[in-house]
Amino acid sequence: MKLRKETIEIQEQLGAYCRTGIEQELPGITPGRIHHYRRLISNVVNDTLRTAFPITVAALGDETWLLLVEDFFSAGVPQTPQVWKLPLEFYQFHASRESGKRLNLPFLDDLLYFEWMEIEIHTMPDRPYPDFVNEGDLLKDTLAFNPEYEIVKLEYPVHTHPVREARELKGEYFSLLYRMPESGNVQFLNLSALNVYIITRLQEEKVPLNEIKNEIARVAGIESGRYLDDALTKFSGDLLERKMILGFKEK
Amino acid sequence: MESKAGMVGLGLRRDIAEEILDNKILTPDFLEFAPENWMGMGGAWLKVMERALEAYPITCHGLSLSLGSPEELDWEFIGELKEFLDTYKVAIYSEHLSYTKSKNAHLYDLLPIPFRQDAIDHVVDRIRRVQDRLERPLAIENVSYYTPVAAEMTEVEFVSEIVDRAGCNMLLDVNNVYVNAFNHNYDAKDFIGKLPLDKVAYIHMAGHEQVEPDLIIDTHGQPIIDPVYELFEWTIQKMDPVPVLLERDYNFEDLEQIQGELTQIKGILNKHWKLAHETA
Ligand SMILES: [Fe+2]
Numbered sequence: 001m002k003l004r005k006e007t008i009e010i011q012e013q014l015g016a017y018c019r020t021g022i023e024q025e026l027p028g029i030t031p032g033r034i035h036h037y038r039r040l041i042s043n044v045v046n047d048t049l050r051t052a053f054p055i056t057v058a059a060l061g062d063e064t065w066l067l068l069v070e071d072f073f074s075a076g077v078p079q080t081p082q083v084w085k086l087p088l089e090f091y092q093f094h095a096s097r098e099s100g101k102r103l104n105l106p107f108l109d110d111l112l113y114f115e116w117m118e119i120e121i122h123t124m125p126d127r128p129y130p131d132f133v134n135e136g137d138l139l140k141d142t143l144a145f146n147p148e149y150e151i152v153k154l155e156y157p158v159h160t161h162p163v164r165e166a167r168e169l170k171g172e173y174f175s176l177l178y179r180m181p182e183s184g185n186v187q188f189l190n191l192s193a194l195n196v197y198i199i200t201r202l203q204e205e206k207v208p209l210n211e212i213k214n215e216i217a218r219v220a221g222i223e224s225g226r227y228l229d230d231a232l233t234k235f236s237g238d239l240l241e242r243k244m245i246l247g248f249k250e251k
Numbered sequence: 252m253e254s255k256a257g258m259v260g261l262g263l264r265r266d267i268a269e270e271i272l273d274n275k276i277l278t279p280d281f282l283e284f285a286p287e288n289w290m291g292m293g294g295a296w297l298k299v300m301e302r303a304l305e306a307y308p309i310t311c312h313g314l315s316l317s318l319g320s321p322e323e324l325d326w327e328f329i330g331e332l333k334e335f336l337d338t339y340k341v342a343i344y345s346e347h348l349s350y351t352k353s354k355n356a357h358l359y360d361l362l363p364i365p366f367r368q369d370a371i372d373h374v375v376d377r378i379r380r381v382q383d384r385l386e387r388p389l390a391i392e393n394v395s396y397y398t399p400v401a402a403e404m405t406e407v408e409f410v411s412e413i414v415d416r417a418g419c420n421m422l423l424d425v426n427n428v429y430v431n432a433f434n435h436n437y438d439a440k441d442f443i444g445k446l447p448l449d450k451v452a453y454i455h456m457a458g459h460e461q462v463e464p465d466l467i468i469d470t471h472g473q474p475i476i477d478p479v480y481e482l483f484e485w486t487i488q489k490m491d492p493v494p495v496l497l498e499r500d501y502n503f504e505d506l507e508q509i510q511g512e513l514t515q516i517k518g519i520l521n522k523h524w525k526l527a528h529e530t531a
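Protein sequences, first through last, are from chains A and B. Under my numbering, the first residue of the first sequence is numbered 1, with each subsequent residue one higher. Under my numbering, the first residue of the second sequence is numbered 252, with each subsequent residue one higher.
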């Protein structure tokens with residue numbers, strides 16, 4: 001290390017002041033200027049997080065929101081060189097510190113996670129598309145899924161209800177987030193646990209719906225027959241229309 | 252490699268990227284990317300970037316290397332950066348002579364390095380190692396700063412020795428010189444006259460905001476003021492042609508005004524760098 005211990009300490013003192021606002025005795029500074037660094041840095045962090053979490057900001061109100069930001073800013077150790085990924089670290093920071101529990105906001109993790117996942121799906125690297133054709137049979141042919149999706153599991157339905165109501169509805173909720181071909185816009189779809197099971201199995205087995213029909217019937221506790229066929233046709237047809245299913249794999 | 256000398260470019264911020272690409276008013280010669288804001292992205296942003304790359308030559312201006320900080324360089328990030336610069340064949344990559352990390356935490360803004368001999372030795376070593384890894388020269392930018400911290404020499408001594416010894420290029424930000432000269436009471440021309448101008452590979456121009464009677468903040472949100480144009484015109488007569496970038500980070504309502512700035516910069520270049528313009 002070519003830096004003297006004293007220089008390192010001075011540099012770290014400036015950094016610490018910027019993060020915490022606690023005044024440091026810095027040698028050789030122009031009076032009245034140093035606070036601009038803290039202001040500029042906290043503007044960057046604030047703006048980045050506020051833009052990433054509009055629903056959380058609106059749901060918590062400014063006072064609580066700023067508390068979370070301040071806590072992260074002074075005690076968090078942002079690791080990403082890419083500031084647009086900072087919201088992920090903000091979510092992880094508060095999840096690991098159980099801020100939601102501490103502040104009596106049990107839905108906080110879900111809310112931050114859900115808002116981050118929208119950014120994640122929008123920005124993540126492209127995934128290879130499968131080959132597919134447009135014509136086919138929803139039950140008899142293998143479906144070609146849009147690969148750019150994630151299924152998010154939530155404890156509170158923050159994706160469908162205002163937080164006031166969501167906090168009373170603890171349970172198990174699933175939302176499918178996927179990227180539209182061409183536009184890259186993110187779409188959301190609420191799923192039941194059975195829907196999640198069907199999508200996951202189809203992706204794993206890469207077979208037509210007909211081949212896992214009996215298995216689905218067993219899991220759902222219903223008879224495999226006309227009623228199930230209709231339901232599966234409707235479900236997969238809907239995904240096709242929404243471009244979560246792109247088409248059909250060639251035989 | 253295509254020379255960009257004498258070209259006048261504009262920064263491509265993500266939030267206004269589509270506007271920059273779609274409008275018919277702005278006609279920059281090249282675009283500048285912050286690699287951190289585009290690396291590892293797919294979807295719509297990748298498409299925007301590819302459109303920009305198809306339409307314009309590009310340069311890259313980094314944000315997060317933190318050349319001046321004590322902790323070890325982030326080699327994983329530098330590896331990804333190299334891949335990005337290689338993929339898009341970026342010839343000019345610049346970074347700030349500052350630090351953005353403290354105790355291993357990113358702060359996302361530019362803190363002033365103490366102007367001291369040990370800091371020079373440290374930064375020189377780091378620039379060399381980064382250049383080796385990236386297999387291309389860095390252009391190091393003089394940053395604006397609002398207070399010196401524990402300085403044991405002047406800024407120009409600090410900057411010049413680093414550029415001399417590191418074997419790097421320099422990105423001369425003319426607005427930053429103006430801002431610093433104002434904020435710290437020194438003579439801007441005297442400062443520029445003492446720089447190794449033969450190492451300048453790239454120039455930044457920008458607007459700023461005076462927030463107190465004796466303090467200017469380098470905001471990149473306002474039009475360039477006349478004294479900065481004058482300093483620019485004075486400076487370019489002392490050096491060979493290089494590309495020049497207009498940094499504008501926000502206030503994009505009036506594109507005609509921004510195009511006016513590009514035109515004004517170009518006019519000054521053409522007055523003094525005629526040959527370069529014709530061959531660029
Ligand atoms: Fe600059």
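Note that CB positions come from ideal geometry on N, CA and C, so glycine has one too.
Take residue i and list the residues in its own chain whose beta-carbon comes closer than 8 Å to its own, dropping the five residues that flank it on each side.
i: asparagine 46(A); result: Val69
i: lysine 354(B); result: Glu322
i: lysine 170(A); result: Pro106, Glu155, Tyr156
i: arginine 384(B); result: Trp326, Ile329, Gly330, Lys333
Quick one: which chain B residues come within Cβ less than 7 Å of residue i?
i: arginine 4(A); result: Asp369
Which chain B residues sit within Cβ distance under 9 Å of residue i?
i: leucine 189(A); result: What leucine 189(A) touches in chain B: nothing, since even the nearest Cβ is about 18 Å away.
i: methionine 124(A); result: Gly291, Met292, Gly293, Gly294
i: valine 207(A); result: The contacting residues do not exist; valine 207(A) stays about 28 Å from chain B at best.
i: arginine 97(A); result: Within chain B, no residue comes near arginine 97(A); the closest Cβ sits about 16 Å away, beyond 9 Å.
i: threonine 56(A); result: In chain order: nothing, as chain B lies at least about 20 Å away.
Can you look up residue i in the DSSP assignment and give me helix, strand or coil?
i: phenylalanine 335(B); result: helix
i: methionine 180(A); result: coil
i: phenylalanine 132(A); result: coil
i: tyrosine 37(A); result: helix
i: valine 341(B); result: coil
i: isoleucine 475(B); result: coil
i: isoleucine 212(A); result: helix
i: leucine 422(B); result: strand
i: asparagine 190(A); result: strand
i: tyrosine 149(A); result: strand
i: serine 317(B); result: coil
i: phenylalanine 174(A); result: strand
i: methionine 124(A); result: coil
i: valine 158(A); result: coil
i: leucine 324(B); result: coil
i: leucine 246(A); result: strand
i: glutamate 283(B); result: strand
i: tyrosine 307(B); result: coil
Closest Cβ-Cβ distance between residue i and chain B: below 7 Å?
i: aspartate 71(A); result: no
i: threonine 200(A); result: no
i: glutamine 24(A); result: no
Could you check the C-alpha separation between residue i and residue j for me, to the nearest Å?
i: glutamate 6(A); j: proline 286(B); result: 33 Å
i: alanine 59(A); j: threonine 48(A); result: 18 Å
i: aspartate 141(A); j: isoleucine 199(A); result: 15 Å
i: glycine 247(A); j: phenylalanine 114(A); result: 28 Å
i: isoleucine 329(B); j: valine 495(B); result: 25 Å
i: aspartate 369(B); j: leucine 304(B); result: 40 Å
i: leucine 194(A); j: serine 224(A); result: 15 Å
i: leucine 112(A); j: isoleucine 55(A); result: 9 Å
i: lysine 2(A); j: proline 181(A); result: 52 Å
i: glutamine 24(A); j: lysine 333(B); result: 37 Å
i: asparagine 502(B); j: glutamine 473(B); result: 7 Å
i: arginine 33(A); j: glutamate 512(B); result: 30 Å
i: valine 77(A); j: methionine 404(B); result: 32 Å
By Cβ distance, which residues of its chain are closer than 6 Å to residue i, with the 5 residues on each side in sequence left out?
i: leucine 314(B); result: Ala285, Glu287
i: methionine 300(B); result: Trp289
i: alanine 268(B); result: Val299
i: valine 341(B); result: Cys311
For chain A, is any of its Cβ atoms less than 7 Å away from the one on residue i?
i: glutamine 515(B); result: no
i: histidine 357(B); result: yes
i: alanine 401(B); result: yes
At a Cβ threshold of 7 Å, is residue i touching chain D?
i: glycine 294(B); result: In the structure shown, chain D does not exist; the protein chains are A and B.
So residue i contacts chain B; which residues on that side make the cut at Cβ distance below 8 Å?
i: alanine 16(A); result: Ser353, Lys354
i: glutamate 12(A); result: Pro321, Ser353, Lys354
Keeping to the same chain, check which residues put their C-beta closer than 7 Å to that of residue i; ignore five residues upstream and five downstream.
i: phenylalanine 335(B); result: Pro286, Met290
i: glutamate 412(B); result: Ile371
i: glutamate 507(B); result: Ile276
i: alanine 527(B); result: With a pLDDT of only 47 at alanine 527(B), under the threshold of 50, the placement of this residue in the model should not be trusted; the figure read from the coordinates follows. Only Ala256, Gly257, Pro492 meet the Cβ criterion.
Which residues in chain A sit within 8 Å of residue i, going by Cβ to Cβ distance?
i: lysine 298(B); result: Gly184
i: leucine 263(B); result: The contacting residues do not exist; leucine 263(B) stays about 15 Å from chain A at best.
i: phenylalanine 284(B); result: Under the 8 Å cutoff, chain A gives no residues; its nearest Cβ is about 13 Å from phenylalanine 284(B).
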